[in-house]
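So the mapping is simple: the working numbering equals the position in the sequence shown, first residue as 1, plus 3.
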Amino acid sequence: MKQKIAWRGSRLAVLTGVAMVSFVPGFLNAGPAGELPPVTLAQAMVLPTGMGDADKPMPMDERMNRRFPQPVRVDFLIGLPVLDDSSSTIGFVRYVVRTRQDKIALIVSYGGWFGFGARPVAVPVEAVGMLGRQVASLDMAPNEYAAAPTWAGRGDTVLPNEDSIRVGLARR
Numbered sequence: 004m005k006q007k008i009a010w011r012g013s014r015l016a017v018l019t020g021v022a023m024v025s026f027v028p029g030f031l032n033a034g035p036a037g038e039l040p041p042v043t044l045a046q047a048m049v050l051p052t053g054m055g056d057a058d059k060p061m062p063m064d065e066r067m068n069r070r071f072p073q074p075v076r077v078d079f080l081i082g083l084p085v086l087d088d089s090s091s092t093i094g095f096v097r098y099v100v101r102t103r104q105d106k107i108a109l110i111v112s113y114g115g116w117f118g119f120g121a122r123p124v125a126v127p128v129e130a131v132g133m134l135g136r137q138v139a140s141l142d143m144a145p146n147e148y149a150a151a152p153t154w155a156g157r158g159d160t161v162l163p164n165e166d167s168i169r170v171g172l173a174r175r
């Protein structure tokens with residue numbers, strides 16, 4: 004795919020965006036005799052949220068505060084998929100509740116086959132992060148979902164749809 008870009012009255016054909024990044028800075032910095040300075044490309048390595056946290060143990064609520072928690076309406080969360088580290092769907096958010104310990108938890112339907120036979124599991128809001136229109140499970144591995152008890156709802160209060168809670172941000 005050829006892409007034509009106008010540059011100082013002439014046309015410069017570039018095959019890819021990488022070629023554009025590599026060559027244009029050199030042309031702009033050309034010396035008087037036309038010699039080109041060496042081009043240096045750099046790449047930043049930004050780790051996904053939660054990677055390396057095992058090396059620095061800290062309480063789950065402190066890790067959530069480091070993820071810049073943002074207000075999110077409860078009705079926005081209902082129905083969103085919960086993803087693991089490999090972007091596979093673990094389950095879907097069914098309810099948002101306040102527990103007897105005054106903590107917020109997401110009730111996620113886990114397991115089953117195509118949604119049949121899934122059981123509700125309570126996931127602390129500190130263990131997840133928002134990833135656009137998805138919820139990333141950051142501090143709870145899929146085997147912890149399997150080992151978690153089935154949520155029965157005794158003493159927990161389901162939050163109304165118009166309420167807002169704070170959820171940390173995630174990145175991949």
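For glycine and all other residues, C-beta sits at the position ideal for the given N, C-alpha and C.
Treat the numbers as computed from the prediction; the structure is a model and nothing was measured.
Point to revise | Closest Cα partner of PRO127 within the set GLY82, ALA45, VAL96 and ARG175 | key: VAL96
Practice item. Could you please give the first and the last residue of the uninterrupted beta strand (DSSP E) stretch that includes VAL96? Key: 92-101
Practice item. Report the rounded CA-to-CA distance for ARG136 versus ASP87, giving the unit in angstroms. Key: 14 angstroms
Point to revise | Coil, strand or helix - LEU80 by DSSP | key: helix
Check your understanding: Looking at TYR98 and TYR148, is the spacing between their C-beta atoms short of 9 angstroms?
Key -> no
Exercise for review: Under the assumption that THR160 contacts ARG101 (Cβ atoms under 8 angstroms), give the Cβ distance between them as a whole number of angstroms.
Suggested key: 5 angstroms
Check your understanding: Would a C-beta distance cut-off of 9 angstroms place VAL170 and GLN73 closer than the cut-off?
Key -> yes
Check your understanding: So, ILE168 versus ILE93, is the Cβ gap smaller than 9 angstroms?
Key -> no
Check your understanding: Thinking C-alpha only, which one of GLN46, VAL77, TRP116 and LEU141 is nearest MET67?
Key -> LEU141
Exercise for review: Please report how far the alpha carbon of LEU134 lies from the alpha carbon of MET63, in whole angstroms.
Suggested key: 18 angstroms
Check your understanding: Distance, Cα to Cα, PRO123 vs PRO60?
Key -> 28 angstroms
**Study point:** Pick from ARG157, ILE81 and GLN46 that is closest to ARG103, judged by C-alpha positions
**Key:** ARG157
**Study point:** Per DSSP, cross-strand counterpart(s) of MET63
**Key:** The partner list for MET63 (beta bridge, DSSP) is empty, contrary to what the question assumes.
Review point. In or out: GLY115 buried (at least 16 other Cβ within 10 Å) or exposed?
Key: exposed
Review point. Which residue from ASN146, ALA125, ARG174 and LEU109 puts its Cα closest to that of ILE81?
Key: LEU109
Review point. Can you tell me where the alpha helix (DSSP H) with PHE121 in it begins and where it stops?
Key: The sequence as given places Ala at residue 121; Phe does not occur at that position. Note, ALA121: premise wrong, no alpha helix (DSSP H); not H, not E.
Point to revise | Closest by C-alpha distance to LEU162, when choosing among THR43, VAL77, ARG70 and ARG69 | key: VAL77
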